[in-house]
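These notes concern the structure reproduced below.
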Amino acid sequence: MRPMAECAALFRPTRLSAPGGGEDREIFPHRAIDPDLVEVGRRLFARETRFVAGVAEASMLPPDGLPEIAFAGRSNVGKSSLLNALTGRRGLARTSKTPGRTRQLNFFDLDARLMLVDLPGYGYAEAPKSEVRRWTALLRRYLQTRAGLRRVCLLVDARHGIKDTDSPLIDMLDQSGVSYQIVLTKTDKVGAGQLAMIAERTVAELARHPAAHPEIHLTSALERRGVAALRATLGSFALAAMAPSTVAAPSRPR
Ligand code: GDP
Numbered sequence: 001m002r003p004m005a006e007c008a009a010l011f012r013p014t015r016l017s018a019p020g021g022g023e024d025r026e027i028f029p030h031r032a033i034d035p036d037l038v039e040v041g042r043r044l045f046a047r048e049t050r051f052v053a054g055v056a057e058a059s060m061l062p063p064d065g066l067p068e069i070a071f072a073g074r075s076n077v078g079k080s081s082l083l084n085a086l087t088g089r090r091g092l093a094r095t096s097k098t099p100g101r102t103r104q105l106n107f108f109d110l111d112a113r114l115m116l117v118d119l120p121g122y123g124y125a126e127a128p129k130s131e132v133r134r135w136t137a138l139l140r141r142y143l144q145t146r147a148g149l150r151r152v153c154l155l156v157d158a159r160h161g162i163k164d165t166d167s168p169l170i171d172m173l174d175q176s177g178v179s180y181q182i183v184l185t186k187t188d189k190v191g192a193g194q195l196a197m198i199a200e201r202t203v204a205e206l207a208r209h210p211a212a213h214p215e216i217h218l219t220s221a222l223e224r225r226g227v228a229a230l231r232a233t234l235g236s237f238a239l240a241a242m243a244p245s246t247v248a249a250p251s252r253p254r
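Numbering-wise, the sequence shown is residues 1 to 254 according to our numbering.
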């Protein structure tokens with residue numbers, strides 16, 4: 001719980017957009033996003049992000065406490081670009097990409113309000129089996145034991161949708177019961193018709209997975225599309241962790 005003044009600073013409603021003002025096509029199935037929540041997300045992600053730890057073994061996990069959001073996806077899916085777009089900083093994803101850190105869980109503290117966790121990209125055909133086994137065990141342990149973990153954003157290339165290489169992680173997420181949400185990346189690379197088709201197919205596929213969030217985010221780091229909506233979704237977790245009596249919270253995390 002945070003002091004009242006701090007909560008009020010994060011949530012000071014300033015309507016920048018009309019209800020449903022332009023953000024609604026950044027979530028599928030389309031719906032209007034509470035503009036107050038968009039503002040909460042914007043303010044939150046304008047704050048400082050600090051690298052906390054690169055973790056290669058479970059014993060090294062940083063203290064659990066903040067609401068935590070993890071980002072996962074096949075290598076090259078656009079995870080670094082989206083993290084940079086979300087936080088407005090190039091340095092964050094560069095830290096995760098430095099040699100030695102690419103197979104670690106990299107933890108970033110967003111102004112003591114949210115922990116962002118960059119999970120290693122998967123799908124490298126050439127990765128040694130022992131390496132894959134090691135990080136799979138680490139990831140499973142993390143997913144099963146991390147109390148603060150609120151959501152895993154599973155990034156999927158909008159051109160292809162969910163692929164076989166995503167299945168092991170999806171199975172692990174279903175087994176651990178962690179709420180996860182698909183975030184389509186690189187939507188600028190597909191036309192509106194194809195995007196709608198892939199989005200519909202993805203949502204239909206998710207219906208079979210109990211831990212999957214029924215909505216997906218549509219993003220393009222290149223065009224900054226969907227960034228405000230994703231910030232709003234993630235901001236709701238920071239807001240939910242704050243003193244409930246101090247804010248007329250716009251809506252509960254969805
Ligand atoms: P990561 O390996 O998942 O961290 O992926 P990167 O963020 O490094 O991106 C992989 C490649 O995809 C790079 O060449 C990026 O420039 C490109 N990329 C990332 N996001 C986008 C996007 O939104 N649109 C387009 N067109 N390209 C992107």
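We put the beta carbon where it would ideally sit given N, CA and C, even for glycine.
Can you round the beta-carbon distance between residue i and residue j to whole angstroms, since I take them to be within the 8 Å contact cut?
{"i": "L37", "j": "G226", "result": "The Cβ separation is near 14 Å, so there is no contact."}
{"i": "L155", "j": "V183", "result": "5 Å"}
{"i": "R74", "j": "D164", "result": "Not confirmed; about 10 Å, so no contact."}
{"i": "V55", "j": "L105", "result": "4 Å"}
{"i": "R47", "j": "L110", "result": "6 Å"}
{"i": "A221", "j": "L44", "result": "No, A221 and L44 are not in contact; Cβ-Cβ is about 18 Å, not under 8 Å."}
{"i": "R103", "j": "E131", "result": "7 Å"}
Are the beta-carbon atoms belonging to residue i and residue j less than 8 Å from one another?
{"i": "L173", "j": "V190", "result": "no"}
{"i": "A158", "j": "T185", "result": "yes"}
{"i": "R224", "j": "L86", "result": "no"}
{"i": "T49", "j": "L92", "result": "yes"}
{"i": "R150", "j": "S179", "result": "yes"}
{"i": "L114", "j": "A192", "result": "no"}
Who are the near neighbours of residue i in its chain, counting only those whose CB is closer than 6 Å to its CB and skipping five residues on each side?
{"i": "G177", "result": "A211"}
{"i": "F71", "result": "K79, D118 and C153"}
{"i": "Q144", "result": "S176"}
{"i": "V77", "result": "L155, D157 and T185"}
Once the 5 residues before and after residue i are set aside, which same chain residues still bring their CB inside 7 Å of it?
{"i": "A241", "result": "P67"}
{"i": "F28", "result": "A199, V203, E215, I216 and L218"}
{"i": "A229", "result": "E23, E26, I27, I33 and H217"}
{"i": "H209", "result": "I170 and D174"}
{"i": "D64", "result": "R146, A147 and G148"}
Residues in the same chain with beta-carbon distance under 8 Å from residue i, minus the five sequence neighbours each way, listed in chain order, please.
{"i": "Y124", "result": "S75"}
{"i": "R254", "result": "H213, E215, T233 and S236"}
{"i": "I162", "result": "V156, I170, I182, T202 and E205"}
{"i": "R168", "result": "According to the sequence shown, residue 168 is Pro rather than Arg. Here the set comprises Y122 and T136."}
{"i": "A112", "result": "L66"}
{"i": "L138", "result": "V55, A56, E57, A58 and L105"}
| request: Count the C-beta pairs between the stretch 47–60 and the stretch 196–213 that are closer than 8 Å, then say yes if the count reaches three, no if not. | output: no
| query | Taking a cut-off of 6 Å, which residues have a beta-carbon closer than that to any heavy atom of the ligand GDP, in chain order? | reply | G73, S75, N76, V77, G78, K79, S80, S81, G121, T185, K186, D188, K189, S220, A221 and L222
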